[in-house]
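Undergrad:
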Amino acid sequence: MRKEPVLNMALLIALLAFPLWAWAADEPFLITLTTRAVIFAIAGVGLNFALGFGGLVSFGHAAFFGLGGYVMGVLAFHAQTYTPVLDWPFVINGTKSMPIVWMVAIALSGALAVAIGALSLRTSGVYFIMITLAFAQMLYYFTISWSTYGGEDGLSIYVRNDFPGLNTMDPIQYYAICYVLLLIVLGLVYAISKSAFGLALGASRQNEDRIQAVGQGPFGLYLTAFAISGAITGLAGVLHADLNRFVSPTMFSWHTSGEIMIFVILGGVGRVFGPVAGAVLFIVLEHTLGGLSEFWHIYLGAMLLGVVLFARGGLIGLIAGREVAHD
Amino acid sequence: MTKPLLDVRGVSKSFGAVQASTDINLDLREGEIHALIGPNGAGKSTLIKQIAGGLRPDSGTVFFDGQDITGLSTAARARLGMGRTFQISSLAMDYSVLQNVVLGALGRRGDIFRFFRPVMKDADLLATANQALEMVGLEDVKNFMTSELSHGQRRQLEVAVALTLSPKVFLMDEPMAGLGADGSRRLMELLRELKQMAPILLVEHDMDAVFALADRISVLVYGKIIASGSVDEIRGNPIVRSAYLGEEIDA
Numbered sequence: 000m001r002k003e004p005v006l007n008m009a010l011l012i013a014l015l016a017f018p019l020w021a022w023a024a025d026e027p028f029l030i031t032l033t034t035r036a037v038i039f040a041i042a043g044v045g046l047n048f049a050l051g052f053g054g055l056v057s058f059g060h061a062a063f064f065g066l067g068g069y070v071m072g073v074l075a076f077h078a079q080t081y082t083p084v085l086d087w088p089f090v091i092n093g094t095k096s097m098p099i100v101w102m103v104a105i106a107l108s109g110a111l112a113v114a115i116g117a118l119s120l121r122t123s124g125v126y127f128i129m130i131t132l133a134f135a136q137m138l139y140y141f142t143i144s145w146s147t148y149g150g151e152d153g154l155s156i157y158v159r160n161d162f163p164g165l166n167t168m169d170p171i172q173y174y175a176i177c178y179v180l181l182l183i184v185l186g187l188v189y190a191i192s193k194s195a196f197g198l199a200l201g202a203s204r205q206n207e208d209r210i211q212a213v214g215q216g217p218f219g220l221y222l223t224a225f226a227i228s229g230a231i232t233g234l235a236g237v238l239h240a241d242l243n244r245f246v247s248p249t250m251f252s253w254h255t256s257g258e259i260m261i262f263v264i265l266g267g268v269g270r271v272f273g274p275v276a277g278a279v280l281f282i283v284l285e286h287t288l289g290g291l292s293e294f295w296h297i298y299l300g301a302m303l304l305g306v307v308l309f310a311r312g313g314l315i316g317l318i319a320g321r322e323v324a325h326d
Numbered sequence: 000m001t002k003p004l005l006d007v008r009g010v011s012k013s014f015g016a017v018q019a020s021t022d023i024n025l026d027l028r029e030g031e032i033h034a035l036i037g038p039n040g041a042g043k044s045t046l047i048k049q050i051a052g053g054l055r056p057d058s059g060t061v062f063f064d065g066q067d068i069t070g071l072s073t074a075a076r077a078r079l080g081m082g083r084t085f086q087i088s089s090l091a092m093d094y095s096v097l098q099n100v101v102l103g104a105l106g107r108r109g110d111i112f113r114f115f116r117p118v119m120k121d122a123d124l125l126a127t128a129n130q131a132l133e134m135v136g137l138e139d140v141k142n143f144m145t146s147e148l149s150h151g152q153r154r155q156l157e158v159a160v161a162l163t164l165s166p167k168v169f170l171m172d173e174p175m176a177g178l179g180a181d182g183s184r185r186l187m188e189l190l191r192e193l194k195q196m197a198p199i200l201l202v203e204h205d206m207d208a209v210f211a212l213a214d215r216i217s218v219l220v221y222g223k224i225i226a227s228g229s230v231d232e233i234r235g236n237p238i239v240r241s242a243y244l245g246e247e248i249d250a
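Sequence lines, in order, name chains A and B.
Following numbering that gives the first Met the number 0, the numbering of the first sequence begins with 0 at its first residue and continues without gaps.
Following numbering that gives the first Met the number 0, the numbering of the second sequence begins with 0 at its first residue and continues without gaps.
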């Protein structure tokens with residue numbers, strides 16, 4: 000009996016039922032809370048693609064999360080001040096259209112991931128961790144000193160971006176957008192994990208000699224995986240910025256990288272739905288324990304230790320069994 | 000005689016003061032098993048790496064099918080038709096047996112950048128994979144996790160993956176190592192079949208296997224090939240006896 004698909008389905012249903020209940024009970028705060036969980040889940044699914052499937056332990060995914068946020072912030076800032084983003088050599092205007100902002104963020108985060116990946120994938124192990132961290136920190140300090148867009152104080156956006164036919168300021172409608180995007184991202188990652196690319200990437204993670212012995216090099220696989228991973232996390236950054244109508248350098252900080260990694264590890268490294276479970280658990284803990292003590296992270300830390308020591312498959316592995324399901 | 004498929008010409012390699020390979024000449028012809036034997040530390044693994052990729056010789060050339068491959072990557076050599084098995088099994092342990100073999104067939108076909116079609120439902124790849132598994136006798140365990148296989152079965156799986164590459168030569172690094180008598184015998188039968196498809200360069204410690212299987216033997220001692228010839232020539236060679244076989248027989 001395979002429990003994992005049942006568990007995954009239950010998770011998706013809960014993420015649909017809970018906000019609907021909150022909507023019926025007129026609890027907009029709970030909807031917003033769930034929206035955060037879903038956005039964090041998308042960021043985690045992005046990191047998990049590199050970390051879980053490719054074995055690339057990136058400690059710098061805040062770079063993509065932050066870039067996504069700033070794409071939204073900068074485009075919206077120019078749209079609300081009626082100034083162009085760029086007036087030479089050609090004019091680029093700001094925009095408040097969500098689909099356009101998503102596309103730009105996905106493209107730029109993917110491109111940034113290719114650039115960072117091309118340099119850092121020459122290293123491995125602890126050096127890879129440090130280099131990815133260094134790139135994210137560079138962007139963090141860059142945005143702090145970038146006074147055009149608020150520097151350290153960040154940027155406030157007055158209203159959420161527009162999506163055709165929806166009122167994005169209504170919490171349940173904005174939640175619907177994020178939920179559908181999560182479904183799309185999960186479907187995409189699931190399909191890739193079963194594809195030729197997924198098979199080859201997993202083999203490189205397990206044994207680089209093996210992939211070379213069958214005539215393929217691991218570098219192209221890793222770089223592509225890193226780009227896809229960065230693009231997904233970039234999309235999450237846009238959604239996060241839109242949710243709060245605020246971006247700041249904090250999105251680039253190493254705390255953010257660490258939190259995204261916590262979603263992945265808590266939920267289950269290398270499982271498609273792992274980061275979803277991890278992000279939901281994180282938000283639940285933050286909400287319940289955070290009410291008891293401002294030092295709730297100490298419980299989070301204990302739990303993380305428990306997972307790393309006793310349940311390598313994370314939450315999903317603990318419930319569904321150790322072995323990753325195979326066809 | 001036909002032109003050699005694999006031709007190692009004057010290859011030397013040193014690590015600091017240690018001369019791991021000294022002016023090595025070695026070739027592999029259609030239809031034969033050429034065994035490379037030598038005591039521990041003789042430089043067998045260093046030589047295999049210079050042939051299969053991963054280590055560049057200081058001087059000398061490796062020709063494969065008439066082409067100079069000395070500067071090519073491991074992956075490029077595999078694509079040209081070098082089917083390699085490793086001394087220490089190098090398989091994707093978290094994959095099923097079938098996934099490992101499909102990976103070989105996929106690597107051979109080359110279209111690894113396909114993102115949406117389920118690879119384990121690809122009829123072409125499955126056909127190649129199943130054929131290879133049947134040939135080595137692993138079709139009954141194809142849905143097992145590779146980590147669940149016995150040591151001998153992992154050896155067979157390595158050979159199966161190499162088969163999916165439809166290689167022009169096999170490079171096998173101690174395939175019998177750690178196998179029981181029964182496992183060795185079965186693998187030897189398989190190698191006899193395989194050499195009809197592609198010649199085998201066999202690095203091996205097991206003397207009985209080498210004498211039973213090989214058409215030619217080269218003896219490597221301290222990075223030098225001290226003798227090369229038929230089984231009988233090597234068995235009767237006094238230098239080989241004192242340098243290598245003597246130790247083995249006395250032990």
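Note that CB positions come from ideal geometry on N, CA and C, so glycine has one too.
These numbers were taken from a predicted model, which means no experiment stands behind them.
Inspect the CB distances between the segment 259-270 of chain A and the segment 27-44 of chain A and report whether three or more fall short of 8 Å.
TA: The segment 259-270 of chain A vs the segment 27-44 of chain A: in contact.
Undergrad: To test your reading of the DSSP string, which unbroken alpha helix (DSSP H) runs of 4 or more residues are found completely within the segment 114-191 of chain B?
TA: DSSP runs (the alpha helix (DSSP H)) wholly in the segment 114-191 of chain B: 122-135, 150-163.
Undergrad: Tell me which residue opens and which closes the alpha helix (DSSP H) that GLY53/A is part of.
TA: By one-based count along the first sequence, residue 53/A stands at place 54. It is not in any alpha helix (DSSP H) - GLY53/A carries neither H nor E in the DSSP assignment.
Undergrad: Given that GLN215/A touches chain B, what residues does it touch there, using C-beta distances under 7 Å?
TA: Your numbering for residue 215/A matches position 216 in the first sequence. By Cβ distance, chain B contributes ALA74, GLY106, ILE111.
Undergrad: Assess, as a yes-or-no matter, whether the segment 48-63 of chain A is touched by the segment 221-237 of chain A under the definition of 3 or more beta carbon pairs within less than 8 Å.
TA: Touching, yes, given that three or more Cβ pairs across the two stretches are closer than 8 Å.
Undergrad: How about the segment 197-208 of chain B and the segment 173-186 of chain B: do they share at least three Cβ pairs that are nearer than 8 Å?
TA: Yes: the two stretches touch, three or more of their Cβ pairs being nearer than 8 Å.
Undergrad: Return the CA-CA distance between SER217/B and THR60/B, expressed in angstroms with no decimal places.
TA: Start at 1 with the first residue of the second sequence, and residue 217/B comes out as number 218. Start at 1 with the first residue of the second sequence, and residue 60/B comes out as number 61. Rounded to the nearest angstrom, the two C-alpha atoms are 18 Å apart.
Undergrad: Since ARG244/A and ILE156/A should fall inside the 8 Å C-beta cutoff, what is the C-beta to C-beta distance between them, to a whole number of angstroms?
TA: The residue given as residue 244/A occupies position 245 in the first sequence. The residue given as residue 156/A occupies position 157 in the first sequence. Confirmed, about 5 Å.
Undergrad: Taking contact to mean at least 3 C-beta pairs separated by less than 8 Å, is the segment 184-198 of chain A in contact with the segment 97-117 of chain B?
TA: Taking 8 Å as the limit for Cβ pairs, the verdict is that the segment 97-117 of chain B does touch the segment 184-198 of chain A.
Undergrad: Taking CB distances under 7 Å as the criterion, tell me whether PHE210/B reaches chain A.
TA: Residue numbering aside, residue 210/B sits at position 211 when the second sequence is read from its first letter. Judged by the 7 Å Cβ criterion, PHE210/B is not in contact with chain A.
Undergrad: Skipping 5 residues on each side, what residues in its chain have a beta carbon closer than 6 Å to that of VAL279/A?
TA: Looking up residue 279/A in the first sequence gives position 280. Only ALA36 meet the Cβ criterion.
Undergrad: For ALA180/B, does the count of other Cβ atoms within 10 angstroms reach 16, so buried, or fall short, so exposed?
TA: Reading the second sequence from its first residue, position 181 is the one you call residue 180/B. Exposed, by the Cβ-count rule.
Undergrad: Can you confirm whether the segment 240-255 of chain A touches the segment 265-275 of chain A when touching is taken to mean that 3 or more C-beta pairs between the two stretches lie within less than 8 Å?
TA: No, because fewer than three Cβ pairs between the segment 265-275 of chain A and the segment 240-255 of chain A fall closer than 8 Å, the two stretches do not touch.
Undergrad: Give the straight-line distance between the Cα atoms of LEU124/B and THR84/B, rounded to the nearest whole angstrom.
TA: Counted from its first residue, the second sequence places residue 124/B at position 125. Counted from its first residue, the second sequence places residue 84/B at position 85. So the two alpha carbons sit approximately 20 Å from each other.
Undergrad: Counting only the same chain and skipping the five closest in sequence on each side, list residues whose C-beta sits under 7 Å from that of ALA16/B.
TA: Position 17 of the second sequence, counted from the first residue, corresponds to residue 16/B. None.
Undergrad: Just checking my contact of GLY252/B with GLY42/B at CB under 8 Å: how many whole Å lie between their CB atoms?
TA: Summary: the structure shown does not reach residue 252/B, with chain B confined to residues 0 through 250, and so no result is reported for it.
Undergrad: What's the call for SER58/B, buried or exposed, on a 16-neighbour Cβ count within 10 Å?
TA: Numbered from 1 along the second sequence, position 59 holds the residue referred to as residue 58/B. That one is exposed.
Undergrad: Which residues does DSSP pair with ASP64/B in a beta bridge?
TA: Within the second sequence, residue 64/B is the residue found at index 65, counting from 1. DSSP lists no partner for ASP64/B.
Undergrad: Excluding sequence positions up to five away, which residues of its chain have a Cβ less than 8 Å from the Cβ of VAL84/A?
TA: As a first step, residue 84/A must be located in the first sequence, where it is residue number 85. Around VAL84/A: VAL73, LEU74, HIS77, ILE91, ASN92, GLY93.
Undergrad: According to DSSP, is MET168/A helix, strand or coil?
TA: Your numbering for residue 168/A matches position 169 in the first sequence. Of the three classes helix, strand and coil, the one that applies to MET168/A here is coil, per DSSP.
Undergrad: If you measure from the beta carbon of ARG78/B to each beta carbon in chain A, is any gap under 7 Å?
TA: Taking the second sequence and counting its residues from 1, the one referred to as residue 78/B is at position 79. So, interface residue.
Undergrad: Could you please give the first and the last residue of the uninterrupted beta strand (DSSP E) stretch that includes GLN98/B?
TA: Taking the second sequence and counting its residues from 1, the one referred to as residue 98/B is at position 99. First-last for GLN98/B: 96-108, but that is the alpha helix (DSSP H), not the beta strand (DSSP E).
Undergrad: Where does ARG83/B fall in DSSP's three states?
TA: The sequence position of residue 83/B within the second sequence is 84, counting from 1. Note: ARG83/B maps to strand in three-state DSSP.
Undergrad: Considering Cα atoms alone, identify which of VAL140/B, ASP67/B, ARG76/B, THR69/B is closest to GLN98/B.
TA: As a working note, residue 98/B is residue 99 in the second sequence. Measuring from the Cα of GLN98/B, the nearest candidate turns out to be VAL140/B.
Undergrad: What span of residues does the beta strand (DSSP E) with ARG240/B cover, start to end?
TA: Walking along the second sequence from the start, residue 240/B turns up at place 241. Per DSSP, ARG240/B belongs to no beta strand (DSSP E) and is neither H nor E.
Undergrad: So ILE32/B and ALA213/B are supposed to be a Cβ contact under 8 Å. How far apart are they, rounded?
TA: For the purposes of this step, residue 32/B is taken as residue 33 along the second sequence, with counting starting at 1. For the purposes of this step, residue 213/B is taken as residue 214 along the second sequence, with counting starting at 1. Indeed, because the Cβ distance is near 5 Å, the residues count as touching under 8 Å.
Undergrad: Exposed or buried, which one is THR147/A when buried takes at least 16 other CB atoms within 10 Å?
TA: Residue numbering aside, residue 147/A sits at position 148 when the first sequence is read from its first letter. THR147/A should be labelled exposed.
Undergrad: Could you check whether the segment 56-74 of chain A touches the segment 129-148 of chain A, counting it as contact only if at least three pairs of C-beta atoms, one from each stretch, sit closer than 8 Å?
TA: Yes, the segment 56-74 of chain A is in contact with the segment 129-148 of chain A.
Undergrad: So what does LYS223/B bridge to, in DSSP terms?
TA: Locating residue 223/B in the second sequence gives position 224, counting from the first residue. VAL220/B, per the DSSP bridge assignment.
Undergrad: How long is the line joining the alpha carbons of SER57/A and ARG311/A, rounded to whole angstroms?
TA: Along the first sequence, read from residue 1 onward, the residue named residue 57/A stands at position 58. Along the first sequence, read from residue 1 onward, the residue named residue 311/A stands at position 312. One C-alpha to the other measures close to 18 Å.
Undergrad: Can you tell which of GLY201/A, GLY289/A, THR31/A, THR255/A has the C-alpha that lies nearest to the C-alpha of CYS177/A?
TA: In the first sequence, the residue the question calls residue 177/A occupies position 178. The shortest Cα separation from CYS177/A among GLY201/A, GLY289/A, THR31/A, THR255/A belongs to THR31/A.
Undergrad: Strictly under 7 Å for the Cβ-Cβ distance: is ALA212/A near chain B by that measure?
TA: For the purposes of this step, residue 212/A is taken as the residue at position 213 of the first sequence. Chain B contact via Cβ: present.
Undergrad: Is there at least one Cβ from chain A nearer than 7 Å to PRO3/B's Cβ?
TA: In the second sequence, residue 3/B corresponds to position 4, counting from 1. By this cut-off, PRO3/B is not an interface position.
Undergrad: Could you tell me the alpha carbon to alpha carbon distance between ARG215/B and GLY40/B, rounded to whole angstroms?
TA: One-based indexing of the second sequence puts residue 215/B at position 216. One-based indexing of the second sequence puts residue 40/B at position 41. Roughly 22 Å separates the two Cα atoms.
Undergrad: State buried or exposed for ILE36/B, treating a residue as buried only when at least 16 other CB atoms are found within 10 Å of its CB.
TA: By 1-based counting over the second sequence, the position of residue 36/B is 37. Answer is buried; the Cβ neighbour count reaches 16.
Undergrad: With a CB to CB cut of under 7 Å and the five nearest residues on each side skipped, what residues in its chain are close to GLU133/B?
TA: Taking the second sequence and counting its residues from 1, the one referred to as residue 133/B is at position 134. Within the same chain, GLU133/B has no close Cβ partners at all.
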